[in-house]
Amino acid sequence: MSALLSSYLPIVLFIAVAMVVGLALIVAPFLVAYRNPDPEKLSAYECGFNSFDDARMKFDIRFYLVSILFIIFDLEVAFLFP
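When you line the sequence shown up against numbering that gives the first Met the number 0, it's residues 0 to 81, in that order.
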């Protein structure tokens, strides 16, 4: 039984090292990051002109129908060519 477990030791070590490196890479930015952002960094980035109307407006239902038909035919063409 000991020989069986010793044959898995390199795999267990590899997984343990991979997990430690992964956790270290996830935790490291939180430890070294500068935590005092100015208001300019916190503001939303928008390029182009300033918005002049709300982006959430009602669309006609025909646009949704056209988009669903486009997705259906696009998938058909994707499955048509192997």
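Glycine is no exception: its CB is placed at the ideal position from the N, C-alpha and C atoms.
State the Cα-Cα distance for the pair residue i and residue j, rounded to the nearest angstrom.
i     : j     : result
Ile70 : Lys57 : 21 Å
Leu30 : Phe48 : 38 Å
Ala23 : Phe13 : 15 Å
Ile67 : Arg61 : 10 Å
Taking DSSP as the reference, what is the three-state secondary structure of residue i?
i     : result
Phe48 : coil
Tyr63 : helix
Asp73 : helix
Phe13 : helix
Lys57 : coil
Ser42 : coil
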